[in-house]
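Heads up, the sequence shown is in my numbering, so the first residue is 1 and it goes up one at a time.
Working notes, structure below.
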Amino acid sequence: MKHIPRKRFGQNFLKDPSVLDAIIDAIAPRPEDIMVEIGPGMGAMTERLLPHLKRMDAVELDRDLVSFLKKKFKDTPLTIHQGDALAFDFQSLQPALGQKIRIVGNLPYNISTPLLFHLMTFADHVRDQHFMLQKEVVERMAAGHGSKAYGRLSIMLQWRYDIDMLFTVPPTAFSPAPKVDSAIVRMIPKTSPVPCNLENLSKVVTQAFSQRRKIIRNNLAPLFSEKALELAGIDPAKRPEQLTLEQFITLSNQLQETR
Ligand code: SAM
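Here it is in structure tokens:
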């Protein structure tokens, strides 16, 4: 089939076999896995995963690609769900309690942040996630405190996942080539994330980073007095990127207590 890539669906298809092989090696699929691919496109990753699996699911938005994939993978255990991954109920794929799903995908970069937050709501049901994303986004996801890339995305996601950037992928590995470098990220949900109200965490983090170069005494003034920061064991003269994940969680829990 001749498919003209649709920019609005973030369609950059992987074509480099060595990159595809490296991704499959990183995922290390096993026959019993409950594997779901987001955005299979023309099926470059799908066809390499399927031989390892007893079943596989995929969620694809583009109707033309769905009919192409249905023909291409007619005699395989692949179930294709036509629809928006941002609205998809990933828990519905879990065959039994205790059998966690694995999610993979070369994701559409234009929806990566909302998609990562949508997926976080299913983290209890997920064993791991391997994604291709814009390299700069992966750097932010995996950044530790003190680094330039550390911010809202790092803190919100690291509350729930252990995150590792595995390797980078150049634009030439895709067709059409994206304008940016890409990277593969591995996300493993933490078994017991520290209890925390996500809404409050988001509020504190957004406020703390509202002006990156300012110290938190100023940025957090609408939420915490200097004294409250000190009582929480946090130096009010620090810049937001110097605060650890644990310190942000402490603050968000305090917000809950004072409301
Ligand atoms: N996996 C293929 C590959 O590596 O060649 C395609 C990757 S391409 C970057 C992203 C894919 O996600 C496209 O097939 C696109 O149609 C699909 N897509 C875009 N938005 C989507 C959404 N909201 N839900 C599900 N799939 C989506």
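Cβ coordinates follow ideal geometry from the N, Cα and C atoms, glycine included.
From a predicted model like this one, the values you see are computed outputs, not experimental measurements.
Kindly examine the ligand SAM and report whether one of its heavy atoms sits closer than 7 Å to the Cβ of residue i.
| i | result |
| --- | --- |
| Val-36 | no |
| Met-56 | no |
| Glu-60 | yes |
| Gly-144 | no |
| Gln-11 | yes |
| Met-42 | yes |
| Ala-85 | yes |
| Pro-108 | yes |
Taking only three categories from DSSP, how would you classify residue i?
| i | result |
| --- | --- |
| Ile-4 | coil |
| Thr-113 | helix |
| Leu-220 | coil |
| Met-45 | coil |
| Thr-121 | coil |
| Leu-53 | coil |
| Gln-91 | helix |
| Val-19 | helix |
| Leu-133 | strand |
| Glu-32 | coil |
Specify, as a first and last residue, the run of the alpha helix (DSSP H) that residue i falls within.
| i | result |
| --- | --- |
| Thr-206 | 198-208 |
| Asp-64 | 63-72 |
Can you give me the start and stop residues for the beta strand (DSSP E) that residue i sits inside?
| i | result |
| --- | --- |
| Glu-241 | From DSSP, Glu-241 is part of no beta strand (DSSP E); its letter is neither H nor E. |
Just list the alpha helix (DSSP H) runs in the stretch 147-180, keeping only unbroken ones of 4 residues or longer that don't cross its boundaries, in chain order. Under the rule that a run must span 4 or more residues, the alpha helix (DSSP H) segments found entirely inside the stretch 147-180 read 152-160.
Is the stretch 149-161 touching the stretch 177-196, taking contact as three or more C-beta pairs under 8 Å? yes
Using a Cβ distance threshold of 8 Å, determine whether the stretch 213-220 contacts the stretch 167-177, with at least three qualifying pairs required. no
Does the stretch 68-79 come into contact with the stretch 100-108, if we say contact requires no fewer than three beta-carbon pairs (one atom in each stretch) closer than 8 Å? no
For the stretch 1-10 and the stretch 24-37, state whether three or more C-beta atom pairs, one from each stretch, are separated by less than 8 Å. Taking 8 Å as the limit for Cβ pairs, the verdict is that the stretch 24-37 does not touch the stretch 1-10.
On the three-pair Cβ rule with 8 Å, is the stretch 39-50 touching the stretch 63-72? By the Cβ rule, the stretch 39-50 counts as touching the stretch 63-72, because three or more pairs are nearer than 8 Å.
When you compare the stretch 129-141 with the stretch 106-118, are there three or more beta-carbon pairs, one atom per stretch, that lie closer than 8 Å? yes
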